[in-house]
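K.L.:
Numbering (the numbering used here), first residue to last: 1 to 225.
Pasting in a structure now, in structure tokens, and then I'll have a few things to ask.
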């Protein structure tokens with residue numbers, strides 16, 4: 001007598017050998033490129049709304065070398081974000097964006113209480129002391145959302161079968177920072193999106209003489225090792 005478990009194991013093995021086992025679902029690949037240069041775009045936000053995301057407990061946007069890190073963040077609606085200062089100079093972080101207006105007055109290492117983001121939209125961050133400092137927080141209620149790295153790629157897994165609406169945002173789509181590209185994609189297809197960047201390029205990074213000397217010393221140390 002063949003044990004039932006043995007029968008199931010043999011059946012699974014037979015299906016595998018015959019290629020009858022359904023392959024694992026693949027992530028939908030969306031590549032964002034610059035329409036003018038054809039180069040991949042970093043810091044593009046891709047979202048597909050197939051459900052509502054749960055709010056995270058916390059996120060962080062740090063200040064270091066007179067810049068925000070990360071430059072672009074994506075958080076679910078209802079999240080709280082802290083803004084620690086890792087510089088030796090004070091910062092004054094603020095936003096006048098419709099999705100969130102707040103003002104964190106001059107502070108150094110005494111990190112202010114986290115800011116609660118309860119509305120969807122793009123929040124533009126600035127520093128009242130360092131004009132070149134700028135960053136963005138995209139508050140999204142999309143279940144599937146990603147930020148592209150320097151290869152311009154966003155991989156979104158677990159999409160239901162069918163056609164889905166896609167929205168793409170990039171800091172240089174417009175000077176208002178509120179414009180989105182909209183299209184659609186099938187769950188099992190790849191998509192390349194060409195964005196025409198009409199917004200003003202970000203200002204060049206400005207370092208104090210002390211920060212520049214520190215960066216040069218760090219780079220020289222890295223090259224020697």
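C-beta: ideal position from N, C-alpha, C; glycine also.
Please read these numbers as outputs of a predicted model, since none were measured by experiment.
Thinking C-beta only, is residue 136 closer than 8 Å to residue 125?
P.N.:
yes
K.L.:
Mind pulling the alpha helix (DSSP H) runs of 4 or more residues that sit fully within the segment 87 to 132?
P.N.:
none
K.L.:
Below 8 Å between beta carbons: does that hold for residue 115 and residue 67?
P.N.:
no
K.L.:
Would residue 129 pass as an interface residue toward chain B - the criterion being a Cβ-Cβ separation below 8 Å?
P.N.:
Within the model displayed, chain B is absent; a lone protein chain is all it includes.
K.L.:
Is DSSP giving residue 85 helix, strand or coil here?
P.N.:
strand
K.L.:
Taking the alpha-carbon positions, what's the residue 196 to residue 48 distance?
P.N.:
C-alpha separation (whole angstroms): 21 Å.
K.L.:
If contact is defined by three or more beta carbon pairs under 8 Å, each pair taking one atom from either stretch, is the segment 30 to 49 in contact with the segment 103 to 113?
P.N.:
no
K.L.:
Please check the pair residue 139 and residue 119, which I expect to be a contact at CB under 8 Å, by giving their CB distance rounded to whole angstroms.
P.N.:
The distance from the Cβ of residue 139 to that of residue 119 is about 6 Å, consistent with a contact at the 8 Å cut-off.
K.L.:
Within this structure, are the beta carbons of residue 108 and residue 86 separated by less than 8 Å?
P.N.:
no
K.L.:
Taking the beta strand (DSSP E) that residue 189 falls in, what are its first and last residues?
P.N.:
Premise fails: residue 189 is in no beta strand (DSSP E) and is neither H nor E.
K.L.:
Note down, in chain order, each residue of its chain lying with its Cβ closer than 6 Å to the Cβ of residue 99, except the 5 sequence neighbours on either side.
P.N.:
Cβ within range, chain order: 119, 121, 123, 139.
K.L.:
Could you check the C-alpha separation between residue 149 and residue 179 for me, to the nearest Å?
P.N.:
Distance between the alpha carbons of residue 149 and residue 179 is about 20 Å.
K.L.:
Starting from residue 198, trace the beta strand (DSSP E) both ways and give me its first and last residue.
P.N.:
For residue 198, no beta strand (DSSP E) segment is defined, and its DSSP state is neither H nor E.
K.L.:
Between the Cα of residue 131 and those of 202, 170, 141, 97, spot the shortest distance and give me the residue it belongs to.
P.N.:
202
K.L.:
Looking at residue 157 and residue 35, is the spacing between their C-beta atoms short of 8 Å?
P.N.:
no
K.L.:
Here's the rule: buried if 16 or more other CB atoms are within 10 angstroms of the residue's CB, otherwise exposed. What is residue 127?
P.N.:
Buried, because 16 or more other Cβ atoms sit within 10 Å of the Cβ of residue 127.
K.L.:
Give the DSSP bridge partners of residue 171, in chain order.
P.N.:
Answer is none; residue 171 lacks a bridge partner.
K.L.:
Counting C-beta neighbours from all protein chains within 10 Å, is the total for residue 187 16 or more, i.e. buried, or is it exposed?
P.N.:
Counting Cβ neighbours within 10 Å, residue 187 comes out buried, since at least 16 surround it.
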